[in-house]
Amino acid sequence: MNGECMYFGIGIEHGKNIENIGILWRTAENFGADFIFTVGARYKKHITDIYDSFQRVPLYNYRDIDDLYAHLPFGCRLVGVENSDGASDIRGYTHLDRAVYLLGAEDHGLTKKAASLCHETVLIPCEKGCFNVSVAASIIMYDRLFKTPAK
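Per the UniProt record's numbering, residue 1 is the first one in the sequence shown, and the count goes up by one each step.
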């Protein structure tokens, strides 16, 4: 990252727990995300964000992965977050200046179609299993902030 003209968004495909969206929203505000989103959400909508992050970080809802892909900001890359073959380990990953990070659902990860549309994929190594989706999103955002050049 060069520190100029940078922005990012982060979201969940087929998220099923509204609590994860609330956690994502608050964490996104704290780590400087420009927006969050859902793709084909499976949860019932209600407010879980008691810190009013919705007033500062917009939430976009996309019908499906094609809808998200069609509305990616110009010049922005879609980065999948998935423990899969060929994914780059986050410890050595250089974040893009303009990125949209896509995480999969709590119960099955990214769909095959979503994974195929990602320009890059990063993984977060862990000892056992996988992380909760909002925890994984928090790790991605922390890593991006940590590796961003100071202003």
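For every residue, glycine included, the Cβ atom is placed at its ideal position computed from N, Cα and C. What you are looking at is a predicted structure, and each value in this text was computed from that prediction instead of being measured.
Item to complete: Going by CA-CA distance only, name the one from Gly104, Val135, Ala137 that's closest to Gly40.
Response: Distances from the CA of Gly40 to each of Gly104, Val135, Ala137 were compared; the closest alpha carbon is that of Gly104.
Worksheet item: Contact check, Phe8 vs Arg144 under 8 angstroms by CB: the rounded distance?
Response: 7 angstroms
Discussion item. The beta strand (DSSP E) that contains Val122, what's its start and end?
Written reply: 120-123
Worksheet item: Which two residues bound the contiguous alpha helix (DSSP H) that contains Ala137?
Response: 133-147
Discussion item. So, at 8 angstroms on beta carbons, what are the nonlocal neighbours of Arg98 in its own chain, with the 5 sequence-adjacent residues on each side left out?
Written reply: Closer than 8 angstroms at the Cβ level, and outside the excluded window around Arg98, lie Cys5, Met6, Tyr7, Phe8, Pro73, Gly75, Cys76, Arg77.
Practice prompt. Would you kindly work out how many angstroms separate the C-alpha atoms of Ser138 and His71, rounded to a whole number?
Written response: 24 angstroms
Worksheet item: When you compare each of Val81, Cys130, Phe131, Leu96 to Thr111 by their alpha carbons, which one comes out closest?
Response: Val81
Worksheet item: For Asn30, which three-state DSSP category applies?
Response: helix
Fill in: Tyr101 - DSSP class collapsed to helix/strand/coil
strand
Discussion item. Going by C-alpha to C-alpha distance, which of Ile65, Asn132, Glu127 sits closest to Cys118?
Written reply: Ile65
Worksheet item: Opposite Glu13 in the DSSP bridges: which residues?
Response: Val39
Discussion item. For a test of your reading of the model: does the CB of Gly15 fall under 7 angstroms from any non-hydrogen atom of the ligand SAH? Yes or no.
Written reply: Of the ligands one can find in the structure shown there are none, so the ligand SAH has no counterpart to examine.
Worksheet item: How many Å lie between Asp67 and Leu24 at the Cα?
Response: Approximately 21 angstroms, taken between the alpha carbons.
Discussion item. If you follow the alpha helix (DSSP H) that Leu68 is in, where does it begin and where does it stop?
Written reply: Counting along the chain, the alpha helix (DSSP H) containing Leu68 begins and ends at 65-70.
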